[in-house]
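Worksheet: one structure, shown below.
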Amino acid sequence: MTQSEKSPDPEPPANFEKEKVGMFWEYKRGILFTFLGFVVSAFFAVVFNADRFAPGVWALLVIAVAVALLSLVILDIWRRLQLLAGQVTGYMTQVENGVKLGRFDQMLGLPEVPRRAEKLITAPTRGTLEVKQKLYSLMNSTRTSLRSLPSIEDISFEGVERLGQNTILIHVKNPGQREVRINRYSINKGEPIPLAPPTVIPPKSAGTVTVSRDLNSQTAFVGGENYTVTVWTERGWSFSFTFKCPE
Numbered sequence: 013m014t015q016s017e018k019s020p021d022p023e024p025p026a027n028f029e030k031e032k033v034g035m036f037w038e039y040k041r042g043i044l045f046t047f048l049g050f051v052v053s054a055f056f057a058v059v060f061n062a063d064r065f066a067p068g069v070w071a072l073l074v075i076a077v078a079v080a081l082l083s084l085v086i087l088d089i090w091r092r093l094q095l096l097a098g099q100v101t102g103y104m105t106q107v108e109n110g111v112k113l114g115r116f117d118q119m120l121g122l123p124e125v126p127r128r129a130e131k132l133i134t135a136p137t138r139g140t141l142e143v144k145q146k147l148y149s150l151m152n153s154t155r156t157s158l159r160s161l162p163s164i165e166d167i168s169f170e171g172v173e174r175l176g177q178n179t180i181l182i183h184v185k186n187p188g189q190r191e192v193r194i195n196r197y198s199i200n201k202g203e204p205i206p207l208a209p210p211t212v213i214p215p216k217s218a219g220t221v222t223v224s225r226d227l228n229s230q231t232a233f234v235g236g237e238n239y240t241v242t243v244w245t246e247r248g249w250s251f252s253f254t255f256k257c258p259e
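The opening residue of the sequence shown carries number 13 in the working numbering; numbering runs sequentially from there.
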């Protein structure tokens with residue numbers, strides 16, 4: 013058998029990374045459109061039964077409120093699709109540059125689940141375990157869907173530290189009750205730079221966002237000058253911090 017008759021080489025790892033980006037887009041977009049479907053169904057249910065909620069002229073007020081809420085939800089989903097498109101573009105740019113994106117569950121923001129395979133295998137009643145496993149999976153699926161719905165996030169600026177000429181460490185704190193995942197940042201309102209994997213800050217905990225510039229003397233951080241860094245979370249919230257660069 014000649015060299016040309018041999019089976020072709022497997023696809024390069026970059027193709028698999030691109031497939032992960034595609035699956036990420038389909039998953040996130042599917043959740044948004046599923047949520048929109050529930051909202052539209054609720055809207056028609058309210059409109060067709062408005063006379064039951066309020067008689068006479070008040071039914072028109074109920075319909076007007078339903079239309080306003082539906083419009084706000086559509087605008088919010090459109091904004092989130094734009095943010096998602098920007099995030100996917102950043103991932104594709106990283107893949108083309110040869111950067112690995114990490115595990116797919118980290119990209120989706122799924123919670124860490126401890127492995128308990130040995131405990132399941134050695135448990136005495138298999139039937140009971142199968143029922144519990146189904147309920148547990150349903151709970152995880154519901155939590156994952158709720159994590160992608162609009163929610164309020166907050167982070168506070170704690171301090172800044174300089175690491176060399178081109179890197180700044182921004183120390184922040186998450187005072188809220190939910191995990192915050194920062195996936196992009198920009199310097200002085202420049203182009204957003206993706207973070208892969210994202211910086212994860214647990215509830216009621218502190219974290220550090222690493223902000224870097226190109227390894228070029230013209231773009232290095234200058235001590236004593238003011239800089240504004242904006243960070244974005246996976247749920248679409250953005251926060252800006254203005255600070256003086258340490259010497």
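The beta-carbon is built from N, C-alpha and C at its ideal position, and this holds for glycine as well.
Item to complete: If I'm right that L73 touches A80 with Cβ under 8 Å, what's the distance once you round it to whole angstroms?
Response: Here residue 73 refers to the residue found at position 61 of the sequence shown. Here residue 80 refers to the residue found at position 68 of the sequence shown. Separation of the CB atoms of L73 and A80 is rounded to 11 Å, and the pair is thereby denied contact status at 8 Å.
Worksheet item: For N200, does the three-state DSSP call read helix, strand or coil?
Response: Along the sequence shown, read from residue 1 onward, the residue named residue 200 stands at position 188. DSSP places N200 in coil when its eight states are reduced to three.
Fill in: Option nearest Q94 by Cα separation, candidates E246, N186, S252
Here residue 94 is taken as the residue at index 82 of the sequence shown, counted from 1. Nearest to Q94 by alpha-carbon distance, out of E246, N186, S252, is E246.
Worksheet item: Quick one: Cα of Y103 to Cα of T222, how far?
Response: As a first step, residue 103 is located in the sequence shown; it is residue number 91 there, counting from the start. As a first step, residue 222 is located in the sequence shown; it is residue number 210 there, counting from the start. Spanning the two alpha carbons is a distance of roughly 18 Å.
Worksheet item: Of all the options I199, L175, A218, N195, which has the alpha carbon lying nearest to the alpha carbon of F169?
Response: Walking along the sequence shown from the start, residue 169 turns up at place 157. With distances taken between CA atoms, F169 lies nearest to A218 out of I199, L175, A218, N195.
Worksheet item: Going straight from the alpha carbon of W249 to that of E259, what length do you get?
Response: To locate residue 249, count along the sequence shown from 1; it is residue 237. To locate residue 259, count along the sequence shown from 1; it is residue 247. Taking the straight line joining both Cα atoms gives about 31 Å.
Discussion item. Using C-beta distances below 7 Å, list every residue in its chain close to I205, excluding the 5 sequence neighbours before and after it, in chain order.
Written reply: Taking the sequence shown and counting its residues from 1, the one referred to as residue 205 is at position 193. So the list reads R196, Y197, S198, once near-sequence residues are dropped.
Worksheet entry | Proximity to E203 [Cα-Cα], best of T211, V192, S224 | Walking along the sequence shown from the start, residue 203 turns up at place 191. Between E203 and the set T211, V192, S224, the nearest pair of CA atoms involves S224.
Worksheet item: Roughly how many whole angstroms lie between the Cα atoms of Q177 and T101?
Response: Mapped onto the sequence shown, residue 177 falls at position 165. Mapped onto the sequence shown, residue 101 falls at position 89. As the crow flies, the alpha-carbon of Q177 is around 28 Å from that of T101.
Worksheet item: Between G68 and V77, what straight-line distance do the alpha-carbon atoms span, to the nearest angstrom?
Response: For the purposes of this step, residue 68 is identified with residue 56 of the sequence shown, where counting begins at 1. For the purposes of this step, residue 77 is identified with residue 65 of the sequence shown, where counting begins at 1. Whole-angstrom Cα-Cα distance: 15 Å.
Discussion item. Assuming L207 is part of the beta strand (DSSP E), what are its boundary residues?
Written reply: As a working mapping, residue 207 is identified with position 195 in the sequence shown. DSSP places L207 inside the beta strand (DSSP E), whose first and last residues are 205-213.
Worksheet item: Is the beta carbon of P215 less than 8 Å from the beta carbon of G188?
Response: Along the sequence shown, read from residue 1 onward, the residue named residue 215 stands at position 203. Along the sequence shown, read from residue 1 onward, the residue named residue 188 stands at position 176. A contact, by the Cβ cut-off of 8 Å.
Worksheet item: Can you tell me the Cα-Cα spacing of I194 and V58, whole angstroms?
Response: As a first step, residue 194 is located in the sequence shown; it is residue number 182 there, counting from the start. As a first step, residue 58 is located in the sequence shown; it is residue number 46 there, counting from the start. I194 and V58 have their C-alpha atoms spaced approximately 37 Å apart.
Worksheet item: The beta strand (DSSP E) spanning I180 covers which residue range?
Response: Stepping through the sequence shown from its first residue, residue 180 is reached at position 168. DSSP places I180 in the uninterrupted beta strand (DSSP E) bounded by 179-186.
Discussion item. Tell me which residue opens and which closes the alpha helix (DSSP H) that E108 is part of.
Written reply: To locate residue 108, count along the sequence shown from 1; it is residue 96. 70-108 is the span of the alpha helix (DSSP H), which, as asked, contains E108.
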